[in-house]
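> Using my numbering, read the first sequence as starting at 1 and increasing by one per residue.
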Amino acid sequence: MEYNFRKIENNWQKFWAENQTFKVEVDVKKPKYYVLDMFPYPSGAGLHVGHPLGYIASDIVARFKRLKGFNVLHPMGYDSFGLPAEQYAIQTGQHPAITTEQNIQTFRKQLDKIGLSYDWSKELRTSEPNFYHWTQWIFMQLFNSWYNIDSNKAEPISTLIQKLKTNGTKQIKAVCDEDILELSAQEWNHLSEDEQQKEILKYRLTYLKESIVNWCPALGTVLANDEVKDGFSERGGYPVEQKKMMQWSMRITAYAERLLQGLETIDWPEPIKEIQRNWIGKSEGAMVKFPVSATFIEVFTTRVDTIYGATFLVLAPEHELVAKLTTSEQKSTIENYIRDTKKKSELDRMADVKTVSGAFTGSYAKHPLTGKDVPIWIADYVLAGYGTGAVMAVPSGDQRDYLFAKHFNLPIIPVLDSQNIETEADTRKEGKYINSGIIDGLAYKDAVAKIVAELEKQGLGKAKINYRMRDAIFGRQRYWGEPVPVYFDGDIPKLMDEKELPLLLPEIDKYLPTETGEPPLARAKDWKYERSTMPGWAGSSWYWYRYMDVRNNQAFASADKIEYWQDVDLYIGGAEHATGHLLYSRFWNKFLKDLGYVVKEEPFKKLINQGMIQGRSNFVYRLKESNTFVSHSQKNRYETIPLHVDVSLVENDVLNIELFKKSREEYHNANFILEENSTYVCGWEIEKMSKSKFNVVNPDDLIERYGADTLRMYEMFLGPLEQSKPWNTNGIEGVYKFLKKFWKLFHDEQWNFEVSDQEPSKAEYKSLHKIIKKVEEDIERFSFNTSVSAFMICVNELTELKCNKRIILEKLVVILSPYAPHICEELWMLLGNEKGSLSYVSYPTFLSQYLEEDEFNYPVSVNGKTRTNLLLPLTLEINEIEETVLSSAEIKKYLDGKSPKKVIVVKGRIINVVV
RNA sequence: GCUCAGGUGGUGGAACUGGUAGACACGCAGGACUUAAAAUCCUGUGACCCUUAAAGUCGUGCGGGUUCGAUUCCCGCCCUGAGUACCA
1 MEYNFRKIEN NWQKFWAENQ TFKVEVDVKK PKYYVLDMFP YPSGAGLHVG HPLGYIASDI
61 VARFKRLKGF NVLHPMGYDS FGLPAEQYAI QTGQHPAITT EQNIQTFRKQ LDKIGLSYDW
121 SKELRTSEPN FYHWTQWIFM QLFNSWYNID SNKAEPISTL IQKLKTNGTK QIKAVCDEDI
181 LELSAQEWNH LSEDEQQKEI LKYRLTYLKE SIVNWCPALG TVLANDEVKD GFSERGGYPV
241 EQKKMMQWSM RITAYAERLL QGLETIDWPE PIKEIQRNWI GKSEGAMVKF PVSATFIEVF
301 TTRVDTIYGA TFLVLAPEHE LVAKLTTSEQ KSTIENYIRD TKKKSELDRM ADVKTVSGAF
361 TGSYAKHPLT GKDVPIWIAD YVLAGYGTGA VMAVPSGDQR DYLFAKHFNL PIIPVLDSQN
421 IETEADTRKE GKYINSGIID GLAYKDAVAK IVAELEKQGL GKAKINYRMR DAIFGRQRYW
481 GEPVPVYFDG DIPKLMDEKE LPLLLPEIDK YLPTETGEPP LARAKDWKYE RSTMPGWAGS
541 SWYWYRYMDV RNNQAFASAD KIEYWQDVDL YIGGAEHATG HLLYSRFWNK FLKDLGYVVK
601 EEPFKKLINQ GMIQGRSNFV YRLKESNTFV SHSQKNRYET IPLHVDVSLV ENDVLNIELF
661 KKSREEYHNA NFILEENSTY VCGWEIEKMS KSKFNVVNPD DLIERYGADT LRMYEMFLGP
721 LEQSKPWNTN GIEGVYKFLK KFWKLFHDEQ WNFEVSDQEP SKAEYKSLHK IIKKVEEDIE
781 RFSFNTSVSA FMICVNELTE LKCNKRIILE KLVVILSPYA PHICEELWML LGNEKGSLSY
841 VSYPTFLSQY LEEDEFNYPV SVNGKTRTNL LLPLTLEINE IEETVLSSAE IKKYLDGKSP
901 KKVIVVKGRI INVVV
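1) Measuring CB to CB, does Ile-114 end up less than 8 angstroms from Ala-708?
2) Please go through the same chain and pick out, in chain order, the residues whose beta-carbon is closer than 7 angstroms to the beta-carbon of Glu-18, but skip the five residues on each side of it.
3) Assuming Pro-519 and Pro-513 form a contact by the criterion Cβ under 8 angstroms, report the distance between their Cβ atoms to the nearest whole angstrom.
4) Sorted by chain position, which residues of the same chain lie with C-beta nearer than 6 angstroms to Arg-63's C-beta, five sequence neighbours on each side aside?
5) Taking a contact to mean a Cβ-Cβ separation below 8 angstroms, would you say Ala-820 touches Leu-702 in this structure?
6) Going along the chain, which residues of its own chain have a beta-carbon closer than 6 angstroms to the beta-carbon of Asn-879, five neighbours each way excluded?
7) Using DSSP bridges, identify the partner residues of Leu-111.
8) Mind checking which residues open and close the beta strand (DSSP E) that includes Trp-565?
9) Which word fits Arg-428, buried or exposed, when buried means at least 16 other C-beta atoms lie within 10 angstroms of its C-beta?
10) Given that a residue counts as buried once 16 or more other Cβ atoms are within 10 Å of its Cβ, and exposed if not, what is Lys-122?
11) Helix, strand or coil: how does DSSP classify Val-486 here?
12) Taking the beta carbon of Thr-295 as the centre, do at least 16 other beta carbons fall within 10 Å, making it buried, or is it exposed?
13) Going straight from the alpha carbon of Thr-845 to that of Leu-812, what length do you get?
14) Between the C-alpha atoms of Thr-21 and Gly-836, what's the straight-line distance to the nearest angstrom?
15) Rank Lys-68, Pro-493, Phe-753, Met-1 by C-alpha distance to the C-alpha of Ile-935 and give the top, closest one.
16) Name the DSSP beta bridge partners of Ala-463, please?
17) So, for Gly-44: in the same chain, excluding its five sequence neighbours on each side, which residues have a beta-carbon less than 6 angstroms away from its beta-carbon?
18) Looking at the structure shown, is Cys-176 part of a helix, part of a strand, or coil, going by DSSP?
19) Could you check what DSSP says for Ala-670 in three-state terms: helix, strand or coil?
20) Roughly how many angstroms separate the alpha carbons of Lys-499 and Glu-193, rounded to a whole number?
21) If we call anything under 8 angstroms between Cβ atoms a contact, is Trp-377 one with Leu-313?
22) Between Asn-869 and Glu-563, what straight-line distance do the alpha-carbon atoms span, to the nearest angstrom?
23) Here's a check: name, in chain order, each residue in its chain whose Cβ is nearer than 7 angstroms to the Cβ of Gln-13, leaving out the five neighbours to either side.
24) DSSP puts Ser-617 in a beta bridge; with which residues?
25) Looking only at its chain, what residues have a beta carbon closer than 8 angstroms to the beta carbon of Asp-854, apart from the 5 residues adjacent to it on each side?
26) Assuming the contact rule is C-beta atoms closer than 8 angstroms, Leu-583 and Gln-276 should be a hit. Round their C-beta distance to whole Å, please.
27) Would you report the Cα separation of Val-654 and Arg-616, rounded to the nearest angstrom?
28) Which of the three DSSP states is assigned to Asn-11 in this structure?
29) What would DSSP say about Gln-242, mapped onto helix, strand or coil?
30) Would you tell me roughly how many angstroms separate the C-alpha atoms of Lys-901 and Arg-781, rounded to the nearest one?
31) Report all residues from its chain with a CB closer than 6 angstroms to the CB of Val-200; omit the five preceding and five following residues, and keep chain order.
32) To the nearest angstrom, how far is the alpha carbon of Trp-544 from that of Val-568?
33) Tell me, please, whether the segment 119–135 touches the segment 542–559 by the rule of three or more beta-carbon pairs shorter than 8 angstroms.
34) Mind the definition here: the segment 468–486 touches the segment 442–452 only if three or more C-beta pairs lie below 8 angstroms; say whether that holds.
35) Are there 16 or more other CB atoms within 10 angstroms of the CB of Tyr-238, so buried, or fewer, so exposed?
36) Run through the segment 202–237 for me and flag every whole alpha helix (DSSP H) of 4 or more residues, listed as ranges in chain order.
What follows is the structure in structure tokens.
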């Protein structure tokens, strides 16, 4: 049989599905390996050629690890709650569950054609009750926990209540709201039940609080910080405004330090770690209190050493003390300024960084160390949301303060003898302090310590670590999400009974918010629970555990399964989840670890971000006001208009003129100005893949034409996995030819399968062992593209040798099978092996003897380093050298001051000298 | 502005710890087979010099440095992409 990929691939895909070849169970005799893809949101558009990139890579690793004797968990599911299905429901009235189900069907069909080795018995969907049952359950655990700073972990809320009862708040160190009451045990015990509950709410890891949120009126919901980009919603691009609302939040800030430290222990791409570090935004500094009349203005600073240079204070316009501090003379100035600031949108404010603006309140604070009067200003460069919303301005040491001082003519005091502040602030920490009271003459480190000690002594400040990260908002005013398992007793939120989970999403008649602006759940009949639902990231923050034990009704996964599978060894997905999913998942994982439900501190040991696949659009050039099209190289001679042309009408940038004419009525009678070789060459450009640009390449079409094995190998061949690159189908023929060649090598003229039982020659063994070694090394470092090249070289070599030895094919099929599983299974069967056994044979080890005889592998020592295949430019007489190993001393000796030329050293011998 | 990633033929990309740069593939040119096409196979293909061959010269964004030797290491600059942005 000729290489009939259609027949081969259909048969094997059917076989794998019917026999559940890739179903996996706990097997303590084997080491485990967990390969996971970020599960997709099933959108209606279906897959384009960029989506399977990561799936193919993870599938290669999964298949490879199976061959290496690992028990491999490689599942797939759907993140099926989300906005698009709900927007569609609002427009059409179709229930989101139906839309979602249809989309999943399409998705699955497309995935199946690629021949991925998923264990589909473990498929999950976040929108299914038996899944969100456990999302709700985890929510309850968070609600029932508090973060104890002393033990540095989350603990059940009962331990907090015990402490309150016996000692009051005195010995409690918790990450909690700022407005907790300081109570003795006696005072606590005298509080009413409601008052106690209100107080406890301030400690819970998921809590209800009035807070400033990102409100998106167009979507009718609040958004998390990572869902807002430049003041607009990430999905849809609608404007977002700040609004005060009662909202569910997750106390992720309790884990800030652990989330930061954990990054050091995991094998993730450096850019992702960097994004998370920035997002967490740790800065070490000090809190300083500036007394003003009866109260204090508290500021956070990272440069407490420059405190003697603080010549004024600046508050954010929204700061709560502004009204109180404004004197009657300054009242109108301040009010005008606040009004102007409010008018400016987020975007204006960001664009307008250069303009210095601000207003004087008329009040003065006392400098905590000198006691001098310090004027208090307000300005919009100070943000209400960071630190305390107030800064001590040190114009000599901070550029923004410097500009502000220059603009409003405020004093600038240098604090270090090395400072140069002629034209700008000097932020360096070198030199000795001047004009600085108790730290005059000291250097940076000592100065910081001394200032902090002094401030602490006076009760006017202390060292403090500040994080930029905020608690995560956990409510959405939407329908298509997990219901929050909470009801209200008066205004006290209470958990429903765990035994009654899951709390099912109720049916409603319309998916819009109510006329009074209530969330859609307010439309549900007899709904006595919380009306907002959980955000999109709830289900995805723990789903990898559910795959371990997807049908468990007693727990999110059983303890022994978690004990066996532990964590994800390899996680592949896009970099766009850096501050969302990947951070929340780490947070929930740490929480579950604290409560003893899971065993690992970090959920994803190794992470790989596959690059984005961009589109490659093709263009034709139409002569102005005519129906004539000019080929690419000729277009500059004429006045032309570039038009997008469907990439399916173009091959290797050459337009198929016949198809083009047929593609549209208006092109029927088109004329063409061609290249010299009578072809029409199209122009091209890299753009986002989209329907309107006619550049979407569908994997189904490619599979139909070349087969899944070719698609798989070609996607890998395209370039390094992590690199973003434009899709270009031009090279796919090369991979297709490779597979045909491979097939042909082991078939005779009449396409009968034919192998020789002779012992392979040395050259044949060498070829084989080179590829075994190469592929193994490449997969370990995720360099799939070079492996594909190596396969091509191998088959070229074997073709040259006319090698159709059984022994070679047996090994080759195993090595190639992770990349091109269908063709390999077929050949494996033709070799007389049991059908389907290929997935579980063991990976061949390469025999080093055949490689060591490689002429290029003889080591030569130069400059103390061992080299192979040396090329040394030296002036030498051939007969002067007989050594097989050259030392640097010998080289120097032979050099003898003469100008160097080339000597080629192979096998440790000088084989060629260029004088 | 800051941080990170990257810059190699006509194209995608190789070169793993410094050791014959351009593997492999596409494209292109020429050839074989064929009535023809497809398919397949063979040869050539960084640039310059040159009638040809041999040889030579230049070549990994630009300028310098270390080294016997640099795409790789160091310093400075330019460009592209990503992230982030008044974070005190």
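Each residue gets a CB set at the ideal place from its N, CA and C atoms; glycine is no exception. Everything numeric in this text was worked out from a predicted model, so none of it was measured.
The answer reads as follows:
1) yes
2) none
3) 6 angstroms
4) Ser-117, Pro-818
5) no
6) Its pLDDT being 46, under 50, Asn-879 is placed unreliably by the model, and the measurement read from it follows with that caveat. Answer for Asn-879: no residue qualifies.
7) According to DSSP, Leu-111 bridges with nothing at all.
8) Taken as a continuous stretch (DSSP letters only), Trp-565 belongs to no beta strand (DSSP E), being part of the alpha helix (DSSP H) at 559–565.
9) exposed
10) buried
11) strand
12) exposed
13) 12 angstroms
14) 8 angstroms
15) Summary: the structure shown does not reach residue 935, with the chain confined to residues 1 through 915, and so no result is reported for it.
16) Ala-286
17) Asn-103
18) coil
19) coil
20) 24 angstroms
21) yes
22) With a pLDDT of only 45 at Asn-869, under 50, the local geometry of the prediction cannot be trusted, and the value read off the model is given with reservation. Their Cα atoms are separated by approximately 49 angstroms.
23) Asp-112, Gly-115
24) Glu-685
25) In this predicted model, Asp-854 has a pLDDT of only 46, less than 50, meaning its place in the structure is not dependable; the value taken from the coordinates is given anyway. The answer, listed in chain order, is Lys-766.
26) 6 angstroms
27) 14 angstroms
28) helix
29) strand
30) Confidence in Lys-901 is poor, its pLDDT being 47 and thus under 50, which makes the residue's placement too unreliable to answer from.
31) Checking the sequence shown, residue 200 turns out to be Ile, not Val. The answer is none, since no qualifying residue turns up.
32) 8 angstroms
33) yes
34) no
35) exposed
36) none
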